[in-house]
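Per our numbering, the sequence shown runs over residues 1037 to 1232.
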Amino acid sequence: MSAFLAPIHFWMYDKILIAQELTFKLEEKFLNKEEREEVESLFPGLYSKDLEEVIDQSNIHGWLHTAVSNVEIRFAYIVKTLLDRGISLEEIKKVAFEYGKSFPEQEVSSLKDAYELLMDILLDGLPCDVSISVTREEENELEFVLYNDIHKQYFNEFNLEVSLYHEIREAFVNGIFERYSLKYKNISDSNKLITR
């Protein structure tokens, strides 16, 4: 049955689950049980770690595209809900940072390793949706650019600036990078910098 699924599909599903887990962490921290159930009814989550159990194998690309959209829209909705309730961006970023710190240690001996780690963790749509490339690599700095920011459409749907997404993601990545004594910085919504 898994003959139709390729490694890239499992890689994408892992990234979807990682992104979804950040949303779940925010919901657990700031919403009560009834509120979480309401969010779940609006934007159902994925609860199986096994892609083969949940994917429509007759429409793999379409299913993954829908899963990405569902995770993105739920995250934008939660950020909007929390901000509307007076939860500060700093409080949201703290949850993201702590979630980042929870990731298991990987072999990261160079800035390129750190970049590759991010490419295995961060969800920026399907590979056909986005183009990301390293634009500058020096001994202590690596800069990369995100050419098609898929997050913008979801945040705009709730009248939020996409820069909020990138601030939260910056906190999340800095949580991951803390153990490696690396820093991740938004130069802009599309340009990112990893430094020692």
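Cβ atoms here follow ideal geometry from the backbone N, Cα and C, with glycine treated the same way.
Give a yes or no on contact between the region 1130-1142 and the region 1058-1068, applying the rule of three or more CB pairs nearer than 8 Å. yes
With distances taken between CB atoms, is the gap from L1147 to I1204 smaller than 7 Å? As a working note, residue 1147 is residue 111 in the sequence shown. As a working note, residue 1204 is residue 168 in the sequence shown. L1147 places its beta carbon 7 Å or farther from that of I1204.
When the cut-off is 7 Å and only beta carbons count, does Y1216 lie next to chain B? The chain labelled as chain B is not found in the depicted structure, where only one protein chain is given.
Host beta strand (DSSP E) of N1068 (start-end): Within the sequence shown, the letter at position 32 stands for residue 1068. Per DSSP, N1068 belongs to no beta strand (DSSP E) and is neither H nor E.
State the Cα-Cα distance for the pair R1072 and E1108, rounded to the nearest angstrom. Residue numbering aside, residue 1072 sits at position 36 when the sequence shown is read from its first letter. Residue numbering aside, residue 1108 sits at position 72 when the sequence shown is read from its first letter. Roughly 16 Å between the two C-alpha positions.
Nearest-angstrom Cα separation, counted from D1165 out to D1050: Here residue 1050 corresponds to residue number 14 of the sequence shown, with the count starting at 1. Here residue 1165 corresponds to residue number 129 of the sequence shown, with the count starting at 1. C-alpha separation (whole angstroms): 17 Å.
For the alpha helix (DSSP H) holding V1115, just list the boundary residues, first then last. For this step, residue 1115 is matched to residue 79 along the sequence shown. Looking at the DSSP string, the run of the alpha helix (DSSP H) that includes V1115 is I1096 to D1120.
What first and last residue would you give for the beta strand (DSSP E) that runs through L1178? Translated into positions along the sequence shown, residue 1178 becomes position 142. Run containing L1178: E1177 to L1182, per the beta strand (DSSP E) assignment.
Does R1234 pass the burial test, meaning 16 or more other C-beta atoms within 10 Å, or should it be called exposed? Residue 1234 is absent from the structure shown; the chain starts at 1037 and stops at 1232.
Ends of the alpha helix (DSSP H) at V1248? Nothing can be reported for residue 1248, as the shown portion of the chain is limited to 1037 through 1232.
Which value, in whole angstroms, describes the spacing of the CA atoms of Y1083 and S1138? Here the question's residue 1083 lines up with position 47 in the sequence shown. Here the question's residue 1138 lines up with position 102 in the sequence shown. The alpha-carbon of Y1083 is positioned some 19 Å away from that of S1138.
Using the Cβ count rule (16 or more neighbours within 10 Å means buried), how would you classify K1228? The residue you call residue 1228 lines up with position 192 of the sequence shown. By the neighbour-count criterion, in which 16 or more other beta carbons inside 10 Å mark a residue as buried, K1228 falls on the buried side.
State buried or exposed for M1037, treating a residue as buried only when at least 16 other CB atoms are found within 10 Å of its CB. Position 1 of the sequence shown holds residue 1037. For M1037, the pLDDT reaches just 34, beneath the cut-off of 50, and the residue's location in the model is therefore unreliable, although a value from the coordinates is still provided. Exposed.
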